[in-house]
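Q: Here UniProt numbering is used: the first residue of the sequence shown is 1, the next is one more, and so on. Using N, Cα and C, we set each Cβ at its ideal position, and we do this for glycine too. I have a structure here, written as structure tokens, and I will follow up with some questions on it.
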Amino acid sequence: MSELTVSRLEYLAGRFDRLLRPTSFPVAVKLYKDPEELKRVKEKDGRTVRMVEGKNLTVCQLIGQARYLGRVLGGTKETASMCMYGSWVLGFEELPVEYMHGYVRSYFINEEVAERNFATTPRFEVGNYSGILVAPLEKMPVVPDVIIIFGNTAQIYRLIHAYNYNKGVRLEFSSNGEAGGCADLIPLPVMSQKPSIALPCNGARMLSWPSDDGLAFAIPAACVEDIVAGLEFTHAGMIRYPLTWVHLDWEVQGRIKDVIRGKGFYPKEKRSV
Numbered sequence: 001m002s003e004l005t006v007s008r009l010e011y012l013a014g015r016f017d018r019l020l021r022p023t024s025f026p027v028a029v030k031l032y033k034d035p036e037e038l039k040r041v042k043e044k045d046g047r048t049v050r051m052v053e054g055k056n057l058t059v060c061q062l063i064g065q066a067r068y069l070g071r072v073l074g075g076t077k078e079t080a081s082m083c084m085y086g087s088w089v090l091g092f093e094e095l096p097v098e099y100m101h102g103y104v105r106s107y108f109i110n111e112e113v114a115e116r117n118f119a120t121t122p123r124f125e126v127g128n129y130s131g132i133l134v135a136p137l138e139k140m141p142v143v144p145d146v147i148i149i150f151g152n153t154a155q156i157y158r159l160i161h162a163y164n165y166n167k168g169v170r171l172e173f174s175s176n177g178e179a180g181g182c183a184d185l186i187p188l189p190v191m192s193q194k195p196s197i198a199l200p201c202n203g204a205r206m207l208s209w210p211s212d213d214g215l216a217f218a219i220p221a222a223c224v225e226d227i228v229a230g231l232e233f234t235h236a237g238m239i240r241y242p243l244t245w246v247h248l249d250w251e252v253q254g255r256i257k258d259v260i261r262g263k264g265f266y267p268k269e270k271r272s273v
């Protein structure tokens, strides 16, 4: 399959919209080692990309602004590091052991278990990246590293079909209950080069991901064309969203037909009042 290009992003966003009907924008994410390179990026209309200034936000807040407000937004390790956990998984800064131990008695029974949890968290090495660019997929001015689709269980189920249509394997799910708005959306799919299903963590629920029943499906850029092809293939095979659970084109038969045609469920002699 051909390499992903910026010119394809708007088309792919349109196909996700047509085939999945998401209620928010798919979000594209690009990581930068050199923040000065990020600051030179131009939007598709030629304007310099807007950078977070005068405040420090969390990674999931940046993603939320692209998802809900349609913003193209850049942040650096100085302006996208309010959550130390999220900053650490992107490689912006080290995570002190004291931070890990702060989870004891709320999340974990002791310090050893807390440290083990952080050791299992997908993350980039500190220093690998210093900046992040987020945008709705259709507005992304550069080839992203990962594309994030937010949806309900039926929409995520369709994306699993799309991934699997030419593989016939199980897509494995991994979570430790934390960092769902960062580690499971960016480092995990980028490093594994496989899609990742993510649940929002407590921080993301409070700051950027308000739905109690929403999930996310994070797709490495190298896989996105194949995912869209899988959606097209399975859609043509009548595996679709919205699901036709109400049988819109089915002529009702049997006892249900009797009831809705006024014949009742039971024979008249057995009917009770």
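1) Might you give, ordered along the chain, the residues of its own chain that have their beta carbon closer than 7 Å to the beta carbon of residue 121, omitting 5 neighbours on each side?
2) Would you report the Cα separation of residue 128 and residue 193, rounded to the nearest angstrom?
3) Does DSSP classify residue 20 as helix, strand or coil?
4) Any chance the region 221-229 sits against the region 199-213, with 3 or more Cβ pairs inside 8 Å?
5) Do the region 43-60 and the region 72-91 make contact, defined as three or more Cβ pairs closer than 8 Å?
6) DSSP three-state label for residue 11, please.
7) What did DSSP end up calling residue 130 once you bin it into helix, strand or coil?
8) Measuring straight from C-alpha to C-alpha, what distance separates residue 233 and residue 107?
9) When you compare each of 86, 74, 140 and 101 to residue 132 by their alpha carbons, which one comes out closest?
10) Checking 7 Å against the spacing of the C-beta atoms, do residue 275 and residue 236 come in under that value?
11) Relative to the alpha-carbon of residue 242, which residue among 213, 158, 136 and 206 has its alpha-carbon at the smallest distance?
12) Could you give the distance in angstroms between the alpha-carbon of residue 69 and the alpha-carbon of residue 257?
13) Reducing DSSP to helix, strand and coil, say where residue 5 ends up.
14) Could you work out which residue in 171, 140, 206 and 76 is closest to residue 181 when comparing CA atoms only?
15) Note down the Cα distance separating residue 115 from residue 24, rounded to an integer number of angstroms.
16) My parser needs the beta strand (DSSP E) runs of 3 or more residues fully inside the region 111-158; what are they?
17) Looking at C-alpha atoms only, which residue of 71, 67 and 118 is the closest neighbour of residue 48?
18) How long is the line joining the alpha carbons of residue 191 and residue 240, rounded to whole angstroms?
A: Put simply:
1) Excluding its 5 nearest sequence neighbours in each direction, residue 121 has C-beta neighbours in its own chain below 7 Å: 89, 176, 179 and 183, listed in chain order.
2) Roughly 17 Å separates the two Cα atoms.
3) Residue 20 falls in the helix class under three-state DSSP.
4) Taking a cut-off of 8 Å on C-beta distances, the region 221-229 does not touch the region 199-213, as fewer than three cross pairs fall below it.
5) With the cut-off at 8 Å, the region 43-60 and the region 72-91 touch.
6) Residue state, collapsed to three classes: helix.
7) Here residue 130 sits in coil by DSSP.
8) Those two C-alpha atoms are separated by around 43 Å.
9) The shortest C-alpha separation from residue 132 is found at 74.
10) As displayed, the chain neither begins before 1 nor continues past 273, which places residue 275 out of reach and without an answer.
11) Cα-wise, what sits closest to residue 242 is 158.
12) When only Cα atoms are considered, residue 69 and residue 257 end up about 47 Å apart.
13) Of the three classes helix, strand and coil, the one that applies to residue 5 here is coil, per DSSP.
14) When each option's Cα is compared against that of residue 181, the closest is 206.
15) For residue 115 and residue 24, the distance between alpha carbons rounds to 35 Å.
16) Runs found: 131-136 and 146-151.
17) Nearest C-alpha to residue 48: 71.
18) Each residue's alpha carbon lies about 30 Å from the other.
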